[in-house]
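Below is one structure, written out as C-alpha cells; comments come after it.
Numbering (the numbering used here), first residue to last: 1 to 205.
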C-alpha cells in the first residue's frame, strides 16, 4: 500500500519512501545510512510533508503533526510550514536545508559532502555570493562536480549554507594552489542562512 497521502495541495509520505532524500543521504553516508535515518526519526519525525505537488518546500515532522495538519486543512487554514524545513526539489534534485545538514553533522559527528570557508568567504556567502578559491579552507568528500554540498564556517563548523560544486575534487586540489584562480568561484551559492537576515532587512525598510 502506498505511503503517500494527498490533502488538497499537500503531499505526505513516509521518510523512507521519499526517494530524493534517501538518494542524497545514501551518497554521503552509505555505511551509516540506517543510523542517519534513525536519528532523523528520533530527533524530528518520520513523515515528509510537501506544501505543493512539486515539493518546492519539504518538511519533516511527526505523525501527531499530520493529524493536526489534516484538521487545519479541513478548516481551510493556510499552512505555511510544519515541523522542520529540510530542503527543496530544485531542477529535479534534492537540495538540503542548512538546518538538516547541521542536525546530521552534529549527531553523526562525521562531516561529508562539504567544504569549509575562511572568514571572508563566510561573510560573502552569507550575503548571497559564491565561495571563491581564495576563501576555501578544507574539503570533506565525497565531492563531485555538480554536487549540492554544505558550506561550513571553519571556526565552529556550523553550516552557513549550501551550494553547487563547480569542479571535481582532483581539479580543486590543483587549482587551489594556483593563484591565478584565487578569485574564481568554486561553490555557487544556492541557499544560505543570510537570506533570513536579508529578508528581514527588506521588511524593515
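Yeah, the Cβ is synthetic: ideal placement off N, Cα and C, and Gly gets one too.
By how many angstroms is the C-alpha of residue j removed from the C-alpha of residue i?
i	j	result
residue 28	residue 134	26 Å
residue 243	residue 74	Only positions 1 to 205 of the chain appear in the structure, and residue 243 is not among them; the question remains open.
residue 54	residue 172	34 Å
residue 16	residue 46	8 Å
residue 123	residue 158	13 Å
residue 136	residue 113	14 Å
residue 86	residue 99	7 Å
residue 156	residue 93	29 Å
residue 72	residue 162	32 Å
residue 63	residue 37	16 Å
residue 186	residue 120	14 Å
residue 115	residue 154	9 Å
residue 88	residue 117	24 Å
residue 76	residue 21	29 Å
residue 105	residue 184	28 Å
If I'm right that residue i touches residue j with Cβ under 8 Å, what's the distance once you round it to whole angstroms?
i	j	result
residue 12	residue 66	6 Å
residue 44	residue 108	Between residue 108 and residue 44 the Cβ distance is about 14 Å, and since that is not below 8 Å, they are no contact.
residue 145	residue 165	6 Å
residue 132	residue 182	7 Å
residue 60	residue 40	7 Å
Can you pull the DSSP bridge partners for residue i?
i	result
residue 140	114
residue 149	163
residue 96	87
residue 131	187
State the DSSP-derived secondary structure class of residue i, mapped to helix, strand or coil.
i	result
residue 191	strand
residue 200	For residue 200, the predicted structure reports a pLDDT of 43, less than 50, and the residue's modelled location is therefore unreliable. A value from the coordinates is still provided. In this structure, residue 200 counts as helix in the three-state DSSP scheme.
residue 158	coil
residue 180	helix
residue 109	coil
residue 168	coil
residue 2	Reliability of the predicted coordinates at residue 2 is poor, the pLDDT of 42 falling under 50, and the value obtained from them is presented with this limitation in mind. Residue 2 falls in the coil class under three-state DSSP.
In the region 12-91, which residue ranges form an unbroken alpha helix (DSSP H) of at least 4 residues, counting only runs that do not cross its ends? Secondary structure within the region 12-91: the alpha helix (DSSP H) runs of 4 or more consecutive residues, fully enclosed, are 19-28, 33-43 and 63-74 (chain order).
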